[in-house]
Amino acid sequence: MVRKRRLKKLFSKIVGESRCWIEEEVCASYSYDAYPEKPVLPDIVVMPTHTEQIGEIIDLCNRLEIPLTVRGSGTNLSGGTVPVKGGCVMLTTALNRILEINKDDMYARVEPGVITQNLANAVEREGLLYPPDPASMKVSTIGGNVAENSGGLRALKYGVTDRYVMQVKFYDAFSNLVKSGGIPVKLVTGFNLKGLMISSEGLLGVISEVMLKLVPPPQARKTMLVFFDDVLDASRVVSEIIINRILPATLEIMDNFTIKTVEKFHHIGLPTDKGALLLIEVDGHPAAVEDEYVQVEKICRKYGGDVHIAKKQEDRDKLWQARRDTLSSLAMLKPTLILEDATVPRSRVPDMIKVIQDVAKKYNLLIGTFGHAGDGNLHPTILTDRRDEEEMKRVSEAIDEIFERTLDLGGTLSGEHGVGIAKKKYMEKEVGRGTLLFYERLKKGLDPKGIFNPGKVI
Amino acid sequence: MSKKLKRIVDELKELESLTLQCMKCGVCQSVCPLYQKDFFEPSVARGKISLIEALYQGRIESVPGVIKYLDYCILCGRCKRFCPSSVNIDEIFVRAKGILREIDELPFYQKALLKSLIESADFLTNFQPVISVGMKLVSKSAGESGLRTVKFPIKKSVAPVSPKSFNAIFGGLNRAESEKMRVIFYPGCAISYIFVEWGEAVVGVLNHFGVSVYVPEKNRCCGIPAATMGEIDMYKKMAKLNHDWFSSIDDAEYVITACPTCGYGLFDLGVRVAGLESSKKHMDIMVFLKEILNVKLNKKTKGRSTLHIPCHYEHEYDKTLIGELSELNGEFEPLENQSCCGFGGTFSLKHSGDSKEVGAAKMDEVKSKGFEKLYSPCPGCVMQLSELALDRGVDVKVEHPVMDFYRLIKEGGA
Ligand SMILES: Cc1cc2nc3c(=O)[nH]c(=O)nc-3n(C[C@H](O)[C@H](O)[C@H](O)COP(=O)(O)OP(=O)(O)OC[C@H]3O[C@@H](n4cnc5c(N)ncnc54)[C@H](O)[C@@H]3O)c2cc1C
Ligand code: SF4
Ligand code: SF4
């Protein structure tokens, strides 16, 4: 306690007494995130209100040699914000100003704690679009999106966060302000350090400002919901759409188990005997949209798809409803939900579906599968009860097997949720020893005392 | 850990099956009016649920620390409404508070106040004239809105207590001339003692359409204030007493309320927490007018009006209410800001500053758009919004829409 009070005194000098906490009930509120991992309490929680304070906080942590874990909204699904070695949790939530929206050069400049949805809304009011739309965008922060390189439902056509990052400013472990990137579309002066910050998961520096590219919104779009008897047919449609050089903005899949669960809780009239559904949305120039739609429809019918299209905005909302209700329906089935995001090359989606089916059977588990089929990014969602030790053991074995077979298919452990603590132990298998050593040396050079988010990724 | 603490922890474990349903997704952050203001995890449901878990899993020991943040909650129910996991958040909060309070007893003044206010139905009925006079003595008139600033116990403008309670005037069966059906109207404390004229409007409108109305001879609190203070047994008792009275009336199918929080306390949370089974259907007065009586007005009110939808309103009827008000007023337009007004009953007393901060943006919208009338079908919201209007110098009349229905009907508008 004496030590904690001393900490409070020191940090208070930077952020003020009312913006730092050592009380256990506050520390306990920052001991977890959206990944079901054992909570660990930090020693102190600080909430800077100006980005300059970030540098001072880092400097203090460095002098005290205590760990520093940066936290946005704490919605990451890999334990990235659990302060496993205690120390200081720094919140970016009060650094939430949108600094500029520039319509001429089409960019936005924001502080790291801006909520993704708030940015998207502000940009829309200016007649532009910020495309990355993670399902958590009403809650997640831009800093978190960059540090996890988050993707969204439009990723197939529009790409994920990294495609939109024009510039990053961050504080390094020596509390220097570093800047990389800028407004010019072409810019090759120096190392691509903004690239280094993308997916850095709080290990290499603290992002204090991000400049993001904006695009003109599509003029037209067409939405369809297609039902298939067999989930494998649905996944073949996914591959064939892409082979035909069509890039829908959205191409989402849901398996029979997921359809049934959504229907059970939300009664929206889904056919529960169908093997799978695809939610497809094409957007762009009106003529191109029409043309692509005709082709997509043809492919769907070839595999026996039952196609429903949205004529009006309300119809579109209805078609999207099933997808929006997915996670909540699955969550209601059992107390514990484990959402995975193993990702394979899109041509291997049918194989991946097969893998998940096999694993569910072999380990006798409830697994719902849905996700961004067009990106090869599926979300096998395991429904269980963390109080049931025997079942949790099977869950853990099932996850190991899913990962193993994902890698065999040329895939990756994580398409969008990051490594954090969740996937640390599998890393060597995916990237190899040499790569891990490179990470370690990079980390050691940039953060010799290892204060930034220890215990994660490497 | 002390023995005493051990007992609470054991009791809290019973809550485990409820808290376990929370997957810590954080979605509640985006709808919680307190989180939107503080950006601070203990303000929001995810944080509060985690604290309860931390307590029963032994990571922390400070009971008052947890109570502090459980109390710092408007109980607006927005987190529950938007929670993808359908976690029974309100039930978790009130049950947890109940258990925690067992040890960390209520401060004496709160207990005394609560007891006198709600447990004996006779208290306010008998002592009301005295209180009314007393309140006039300690308050100074604030503006012309009929609100008064009470200096004691906490500086807070409240509507003056009416010298005669609604129940004293309307208690019993109020017969309609050509009777079509009978209903029960449950007024709740605010309409019984403060917004008496709303009660009169409800009875008047229903009578006009051939509906006879049972009104309780004495008001019994719905129990929500007890629940928010963690007095869970008292809450259950109040809910049960009210339901017993409802059941004792055979020839009425519906219980009508004009306070969504009473409706929620008696028919939603009350039924879940007290394990009651209701013998009657519950309906908000505005919904009843539209859905059951299919009331059509042939006159409209003048001036620009808007609406604040109370957090505890049954949201499946939001559209019904908006439709009704569009028929009532030609220049009606709902508020863009859909957030909470910040009232939360006892919350606004304990956390007066935070409470006002939450609602302030709404009043700014009313001001900038120049609305002359702000409808809200809830006494709590009306008190809060009236006070905010007063504070921020906004010239708007805030009241329950049933008042204008009644006025139009009296002018022959239906
Ligand atoms: C219901 C739900 C749906 C989701 N859907 C998606 C989805 O569709 N796509 C997707 O990609 N993800 C999704 N996620 C995961 C998560 O929302 C994203 O990873 C998001 O980007 C995290 O943002 P955050 O603000 O919550 O970051 P946090 O969880 O607070 O932090 C995430 C990581 O970033 C680091 N960090 C945060 N801010 C900074 C900073 N300023 N500087 C340096 N490092 C920083 C942290 O240290 C941590 O390692 C979902 C999560 C949930 C709960
Ligand atoms: S929205 Fe529901 S499940 Fe998600 S964190 Fe909040 S309470 Fe838990
Ligand atoms: S009830 Fe309202 S104030 Fe309380 S946690 Fe939920 S959303 Fe926030």
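These protein sequence lines are chains A and B, in that order. Residue 1 is where the first sequence starts when you use this note's numbering, and the numbers rise one by one after that. Residue 1001 is where the second sequence starts when you use this note's numbering, and the numbers rise one by one after that. Cβ atoms here follow ideal geometry from the backbone N, Cα and C, with glycine treated the same way.
Same chain, Cβ closer than 8 angstroms to A/R441, five either side skipped, listed in chain order
none
Proximity test, Cβ basis, 9 angstroms: A/E24 and chain B:
yes
Which of the residues in the region 60–73 of chain A, read from start to end, lie with their CB under 7 angstroms from any CB of chain B?
S73
Please list the segments of the beta strand (DSSP E) lying wholly inside the region 1334–1401 of chain B, counting only runs of 3 or more residues, in order along the chain.
1373–1375 and 1397–1399
Can you tell which of A/I142, A/E252 and A/V82 has the C-alpha that lies nearest to the C-alpha of A/P454?
For the residues A/I142, A/E252 and A/V82, the minimum Cα distance to A/P454 belongs to A/V82.
For A/S347, which residues of its own chain have a beta-carbon under 6 angstroms away from its beta-carbon, when the five flanking residues on both sides are left out?
S239
In this structure, how does DSSP classify B/E1331 when only helix, strand and coil are distinguished?
strand
In this structure, what does DSSP give as the bridge partners for A/F170?
A/V178 and A/I207
From what residue to what residue does the beta strand (DSSP E) around A/G410 run?
No beta strand (DSSP E) holds A/G410; DSSP gives it neither H nor E.
Could you tell me the alpha carbon to alpha carbon distance between B/C1083 and A/E397, rounded to whole angstroms?
The alpha-carbon atoms of B/C1083 and A/E397 are separated by roughly 30 angstroms.
Ordered along the chain, which non-local residues of its own chain (more than five positions away) have a Cβ less than 6 angstroms from that of B/K1397?
Result list for B/K1397: K1373, in chain order.
Any chance the region 1291–1303 of chain B sits against the region 1242–1250 of chain B, with 3 or more Cβ pairs inside 8 angstroms?
no
With 7 angstroms as the C-beta to C-beta threshold (strictly closer), list the residues of the region 1080–1102 of chain B near chain D in chain order.
The chain labelled as chain D is not found among the protein chains of the depicted structure, namely A and B.
Is it true that the region 347–357 of chain A meets the region 298–314 of chain A, where meeting means three or more beta-carbon pairs spaced less than 8 angstroms apart?
They do not touch, by the three-pair rule.
Just to confirm the assignment, what range does the alpha helix (DSSP H) spanning A/P380 have?
Here A/P380 belongs to no alpha helix (DSSP H); instead the beta strand (DSSP E) covers N377 to T384.
With 8 angstroms as the C-beta to C-beta threshold (strictly closer), list the residues of the region 76–109 of chain A near chain B in chain order.
L91, T93, A94 and N96
What's the gap between the Cα of A/Y363 and the Cα of A/G159?
35 angstroms
One or two residues paired with B/I1256 in a DSSP bridge
B/F1185 and B/M1283
With the cut-off set at 9 angstroms, would you say B/R1095 and B/L1018 are in Cβ contact?
yes
A/T250 to A/P218 span [Cα, whole Å]:
13 angstroms
Tell me whether B/Q1021, by its Cβ, gets closer than 8 angstroms to a heavy atom of ligand 2.
yes
A/L339 lies in the beta strand (DSSP E); which residues open and close that run?
T336 to L339
Tell me whether A/P271 counts as near ligand 4, meaning its Cβ is closer than 8 angstroms to at least one heavy atom of that ligand.
Of the ligands this structure carries, namely ligand 1, ligand 2 and ligand 3, none is ligand 4.
Under DSSP, the beta strand (DSSP E) around A/D255 begins and ends at which residues?
T250 to D255
Positions along the region 294–327 of chain A whose CB lies within less than 7 angstroms of some CB in chain B
L327
Where does A/A287 fall in DSSP's three states?
Here A/A287 sits in helix by DSSP.
Chain-order list of residues whose beta-carbon lies under 6 angstroms from that of A/F265 (same chain, five-residue window excluded):
S329 and M332
Run down chain A in chain order and give the residues with a C-beta less than 7 angstroms from the C-beta of B/Q1021.
P335
Within 9 angstroms (strictly less), CB to CB, does B/K1068 reach chain A?
yes
If we call anything under 9 angstroms between Cβ atoms a contact, is A/N76 one with A/Y35?
yes
Against chain B, with Cβ distances strictly below 9 angstroms, would A/K260 count as a contact?
No, no contact with chain B.
With a threshold of 6 angstroms on Cβ separation, who are the neighbours of B/A1282 within its own chain once the five nearest residues in sequence on each side are excluded?
First, the amino acid is wrong: residue 1282 of chain B is His here, not Ala. Listed in chain order, the non-local C-beta contacts of B/H1282 below 6 angstroms within the same chain comprise V1255, G1263 and F1267, local neighbours out to five positions each way being set aside.
Residues of the region 1020–1051 of chain B whose Cβ lies closer than 7 angstroms to any Cβ of chain A, in chain order:
L1020, Q1021, M1023, K1024, C1025, G1026, V1027, Q1029, S1030, F1039, E1041, P1042, G1047, S1050 and L1051
Alpha carbon of A/E430 to alpha carbon of A/R221, nearest angstrom
38 angstroms
Shortest alpha-carbon distance to A/L68 belongs to which of A/I44, A/L153, A/M224 and A/A360?
A/I44
State the DSSP-derived secondary structure class of B/M1023, mapped to helix, strand or coil.
The answer is coil: DSSP assigns B/M1023 none of H, G, I, E or B.
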